[in-house]
Each structure stands twice: as structure tokens, then as C-alpha cells.
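What follows is a single structure, written as C-alpha cells, with notes after it.
Residue numbers (the working numbering): 244 to 696.
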């Protein structure tokens, strides 16, 4: 499967109930059912092949979705009832799922541009949501920056026959571990999960910073596999640059280190970043993820293990969100801060900026710290793991002094503010305006269609 082309896209005529799929992803089809899967699904911590999922779905139906894990987007079309269903995992998957109904047809895609082009729906800027987008960097509910197009929101799935229904869904806790088991076996359980993700990825490529999380992944691969490890690090000409510390860590382990540096005037890439993100989010770290994707693409890599979300899942507040809580939160007009709303921030920004930009370069990122068992482990001891203290102590027991001497992680070390030496979003916007006076970077364009004039 060519990663650069992975997508789920299609149209469903709500009168004839005829499905036309343009997806390029894993597909399972019989005379009774068609299933499309984007990325990985697990059941009882075992990765499922698509035909295995189909067998379980035949037995358990929708209730199965509450009990599978992974980061996934699933399309299920029942050829007998002519009903289309779209499910996602609790994180809302690697991608957003965009949709609209126009002319009696339900159009959907993991690409906003594809929905626009496929449906030919007239579009307008969603002025009511601009303030929320600028404040938070994302829109929490089903709205997008395009008034006529929505996205599948948290704790929801889509069901379409002759009508469109957005249904609520909650996800079951697996409860595989007790708190005592986690406290006793944290290191071995964490290590086993990382090794499982590595074995599925098939390549020992990792992002490496001077923080604990990526260094624990490196420690695990270096000590428990015989693989040749490639580490990737992006630094900045201005701001906090982790490359010197990472270089020393890489030298200690004897691994291959590949680096790139964000230069202070590299705003020339900003139009391409906007194009790839399709208005899904904005966060000052996007420039790092863009450089990372470009570097991996240039080196011919197709997958990488990342340390994203470790900070958030190890906090108590991450685990307080469920369907009812989300329904309350999406009515709020507040700033969803990292500290108070880690669930939304990590899934809507931290993971999305990484996965969307890396996938746009044909790279499949894998997130060991988002594996369901690690999330559950973190939940069980979240009262003891404030600011990751439990995790950090475990790392300190295992890392050599040569590594610990270079652990000096500061969140957001490479972002647009520091790399361009600009301190506020307003100044960034003015800077962009001076850089591109006709503001073309805010136009979503296609060879055949201009979406905003």
C-alpha cells in the first residue's frame, strides 16, 4: 500500500442508496458487506486483520466498536440493508473525517479538499468559528472553517440510509490491570508495548529529543532489539535547539542520527503547510512536523515511532473525558488549555499536526504511548504520576549518566514563535502578510477549483 495515497473518500446517494467509493486503503468485501479500514485496530490487545474484524462485527455488531482499540477510521456498508456506517476510535483517528450532504448525496473524505471537489458544494468561510479556531488552534465540535462541511466529532459515529444520523458512542475501559500490577510492572509492560509497535512498524526509525519519552523508546530499542536505529531530530536556528544534546545521546548509543534545522526566514514553506493541514488546526509546532516529514521523505523512510501524547495521557484530567463530558464541553466558549483539557489538546493538535503532516509526505507515524494498554496503565496510576514523576523516576533508574546529563526537555522547543523570533500570533499574521501581500496562503486551491476567492 502506497502511504502517500492513503485516504477514505466516497459518495452515498441517499435516495438510491448507491455507494461509490474512491478510497485507497485496506478493503474487505463480500456479497454481504464492504469494510474499509484506515490504519490499525486491536481487540484484547491483539492486532486484527480486516477479515478478522469482519467476523467479529458479524457476531457483535456496533457493540464491537466500543471494545476495539487503536487509531482507526472504519467504513462499513451493509449491502443487504443498504446502510453506511462510519466509525472512528476515541482519538478521532489519524485523520479528520469530513462530510456534507448536497443534492441528496452524502459526500465524505479524510480530505476537506476532496469533499469540496467531489460535491461541488458552494462554500463560505465559517465566521462563527474563526474566533474559536484562533483561540484554541482547533474547533472542538463538528464544525470546520467551511460552513457547509462538517467533521465527525468525538464520541460519535455516522449512520446513513435515506437520512443522515449522527449517533453518540462511548468506549469501554478494558480494565486489564490493577493499580498494583501497574506499579509493579510499569517498566516491563511499557517496554513490551513499545516492542510490539516496533515489530508492527518493521523499521527502527524514531524521533529523538532531549526529553524522557523519546529517549525511553530509544533505550528500549537499543537494549532489547538488534536493529539498526535511525533517529531524527529537528532543531531551530533561533529559540531552544535540542540538536547538541541529541547528538551526544546518539553518540552514546552509536545510532544513526539525521537532523535538520528550521531557519529563521523559512516562512516560504508556510503556504505548503497550510495546504497540507486543510484548515484542520493551527499550532506553532507545525513547522517542526513539516521539516520532520520532509526529512523522512527525502531519506526514503515510510514509518517512524514518535513519543507524542505521553505528557497528556499521564495526567488525571486526560482520563476524565467521556461522551457526557464532551457534550458539555463542546457547548463552552473557553480556551482549551493543555493543563485543563489534555484529552482534546493532544488528540486535536498534538497528534493531528504530527499525523496529518507526516502522512502528507507518505510517512506512517506510530505512537507507542497511545497504545490502549499504556493509556490504561497511565490512568491507573495517574494520581502518582503528576508531571510524569513516576515515569521519569523509572527512566532515571535505567538511563546511563551520559544520557541523563543531556535530558533537558522543554515543551515546544521548536515552533514558529521561537524559530522566527516572533512572540505573538498577531505579529506572525502581520509577518505572513508582509511575506505574501496577496494572502494566497489562505486560499485552498486545486488545479481545477478555487475554493476561496
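Where a beta carbon is used, it is the ideal one built from N, C-alpha and C, also for glycine.
By Cβ distance below 8 Å, which residues in the same chain neighbour residue 437 in space, the five residues on each side in sequence not counted? Taking the chain shown and counting its residues from 1, the one referred to as residue 437 is at position 194. Cβ neighbours of residue 437 beyond the five flanking positions: 459, 460, 463, 464, 548, 611.
How would you write the range of the beta strand (DSSP E) that residue 272 sits in, first residue to last? Counted from its first residue, the chain shown places residue 272 at position 29. Segment 269-272, the beta strand (DSSP E) holding residue 272.
Can residue 316 and residue 282 be called in contact, C-beta distance under 9 Å? Within the chain shown, residue 316 is the residue found at index 73, counting from 1. Within the chain shown, residue 282 is the residue found at index 39, counting from 1. In this structure, residue 316 lies near residue 282, with their beta-carbon atoms less than 9 Å apart.
Quick check on residue 607: does DSSP put it in helix, strand or coil? The residue you call residue 607 lines up with position 364 of the chain shown. Strand.
Let's test the definition: count the other Cβ atoms within 10 Å of the Cβ of residue 332 and tell me whether it reaches 16, buried, or not, exposed. As a first step, residue 332 is located in the chain shown; it is residue number 89 there, counting from the start. It is buried - the Cβ of residue 332 has at least 16 other Cβ atoms within 10 Å.
Pick out the complete beta strand (DSSP E) segments inside the stretch 444-514, 3 residues or longer, and give them in chain order. Whole beta strand (DSSP E) segments, 3+ residues: 448-450, 473-479, 499-505.
Could you have a look at residue 408 and say whether DSSP puts it in helix, strand or coil? Taking the chain shown and counting its residues from 1, one reaches residue 408 at position 165. When DSSP states are grouped into helix, strand and coil, residue 408 belongs to the strand group.
Taking the continuous beta strand (DSSP E) assigned at residue 326, which residues delimit it? Along the chain shown, read from residue 1 onward, the residue named residue 326 stands at position 83. Unbroken beta strand (DSSP E) run through residue 326: 326-331.
Rounded to a whole number of angstroms, what is the C-alpha to C-alpha distance between residue 257 and residue 354? Your numbering for residue 257 matches position 14 in the chain shown. Your numbering for residue 354 matches position 111 in the chain shown. C-alpha separation (whole angstroms): 21 Å.
In chain order, each alpha helix (DSSP H) run of at least 4 residues that lies wholly inside the stretch 353-394: Runs found: 355-362, 370-379.
Verify the contact flag: residue 555, CB atom, against every heavy atom of the ligand NAP, threshold strictly below 8 Å. Inclusion of the ligand NAP in the displayed structure is not the case, the ligand content being empty and no account of it being possible.
Meets three-Cβ-pair contact criterion under 8 Å: the stretch 379-393 and the stretch 363-371: As far as the Cβ criterion goes, the stretch 379-393 touches the stretch 363-371, which means the pair count is three or higher.
Classify residue 339: buried if its beta carbon has 16 or more other beta carbons within 10 angstroms, exposed otherwise. Working through the chain shown from its first residue, we reach residue 339 at position 96. Flag for residue 339 reads buried.
Under 9 Å between the Cβ atoms of residue 555 and residue 529? If you number the chain shown from 1, residue 555 lands on position 312. If you number the chain shown from 1, residue 529 lands on position 286. Contact: no.
Pair within 9 Å by beta-carbon distance, residue 613 and residue 314: Taking the first residue of the chain shown as position 1, residue 613 is located at position 370. Taking the first residue of the chain shown as position 1, residue 314 is located at position 71. Cβ atoms of residue 613 and residue 314: closer than 9 Å.
Between which two residues does the beta strand (DSSP E) carrying residue 279 extend? Translated into positions along the chain shown, residue 279 becomes position 36. 276-282 is the extent of the beta strand (DSSP E) around residue 279.
Does the Cβ-Cβ distance between residue 400 and residue 513 come in under 9 Å? One-based indexing of the chain shown puts residue 400 at position 157. One-based indexing of the chain shown puts residue 513 at position 270. No, they are not a contact pair.
So, helix, strand or coil for residue 304, using DSSP? Translated into positions along the chain shown, residue 304 becomes position 61. Shown here, residue 304 sits in a helix according to DSSP, grouped into three states.
According to the neighbour-count rule (16 or more other Cβ atoms, all chains shown, within 10 Å of its Cβ), is residue 454 buried or exposed? By 1-based counting over the chain shown, the position of residue 454 is 211. Label assigned to residue 454: buried.
What do you get for residue 532, buried or exposed, if any count of 16 or more other CB atoms within 10 angstroms of its CB means buried? As a position in the chain shown, residue 532 is number 289, starting the count at 1. Residue 532 comes out buried.
Between which two residues does the beta strand (DSSP E) carrying residue 344 extend? Counting from one through the chain shown, the residue named residue 344 turns up at place 101. It spans 341-345 - the beta strand (DSSP E) in which residue 344 sits, taken as one unbroken run.
Looking at the secondary structure, which residues open and close the alpha helix (DSSP H) in which residue 645 lies? For the purposes of this step, residue 645 is taken as the residue at position 402 of the chain shown. It spans 644-647 - the alpha helix (DSSP H) in which residue 645 sits, taken as one unbroken run.
Taking residue 522 as the reference, which of 434, 600, 303 has the closest Cα? In the chain shown, the residue the question calls residue 522 occupies position 279. The residue with the shortest Cα to Cα distance from residue 522 is 600.
Determine the extent of the alpha helix (DSSP H) in which residue 536 is found, giving its start and end residues. Taking the chain shown and counting its residues from 1, the one referred to as residue 536 is at position 293. Segment 529-541, the alpha helix (DSSP H) holding residue 536.
Taking C-beta to C-beta, are residue 318 and residue 280 nearer than 9 Å? Numbered from 1 along the chain shown, position 75 holds the residue referred to as residue 318. Numbered from 1 along the chain shown, position 37 holds the residue referred to as residue 280. Taking C-beta atoms as the reference points, residue 318 and residue 280 count as a pair closer than 9 Å.
May I have the straight-line CA-CA distance separating residue 651 from residue 485, to the nearest angstrom? As a first step, residue 651 is located in the chain shown; it is residue number 408 there, counting from the start. As a first step, residue 485 is located in the chain shown; it is residue number 242 there, counting from the start. Between residue 651 and residue 485, the alpha-carbon positions lie close to 8 Å from each other.
According to DSSP, is residue 403 part of a helix, a strand, or is it coil? The count along the chain shown starts at 1 and reaches residue 403 at position 160. The answer is strand: DSSP assigns residue 403 an E or B state.
From 406, 432, 571, residue whose alpha carbon lies closest to that of residue 343: Your numbering for residue 343 matches position 100 in the chain shown. When the alpha-carbon of residue 343 is set against those of 406, 432, 571, the nearest one is in 406.
Put residue 655 into one of helix, strand or coil per three-state DSSP. The residue labelled residue 655 in the question sits at position 412 within the chain shown. Summary for residue 655: the model assigns pLDDT 49, below 50, so the residue's position carries little reliability; its value from the coordinates is reported in the next sentence. Three-state DSSP puts residue 655 in coil, outside helix and strand.
Burial state of residue 587 (16 or more Cβ within 10 Å): Your numbering for residue 587 matches position 344 in the chain shown. Residue 587 should be labelled buried.
Which residue comes first and which comes last in the alpha helix (DSSP H) that contains residue 321? Numbered from its first residue, the chain shown carries residue 321 at position 78. Looking at the DSSP string, residue 321 is not in any alpha helix (DSSP H); the run it does join, the beta strand (DSSP E), is 315-321.
Tell me the rounded alpha-carbon separation between residue 346 and residue 306. As a first step, residue 346 must be located in the chain shown, where it is residue number 103. As a first step, residue 306 must be located in the chain shown, where it is residue number 63. Taking C-alpha positions only, residue 346 is separated from residue 306 by approximately 32 Å.
Beta-bridge partners of residue 290, as assigned by DSSP: Indexing the chain shown from 1 puts residue 290 at position 47. The partner list for residue 290 (beta bridge, DSSP) reads 285.
For residue 476 and residue 452, the rounded distance between their alpha carbons: In the chain shown, residue 452 corresponds to position 209, counting from 1. In the chain shown, residue 476 corresponds to position 233, counting from 1. Those two C-alpha atoms are separated by around 6 Å.
What residue range does the alpha helix (DSSP H) around residue 621 cover? Indexing the chain shown from 1 puts residue 621 at position 378. For residue 621, the enclosing alpha helix (DSSP H) begins and ends at 615-623.
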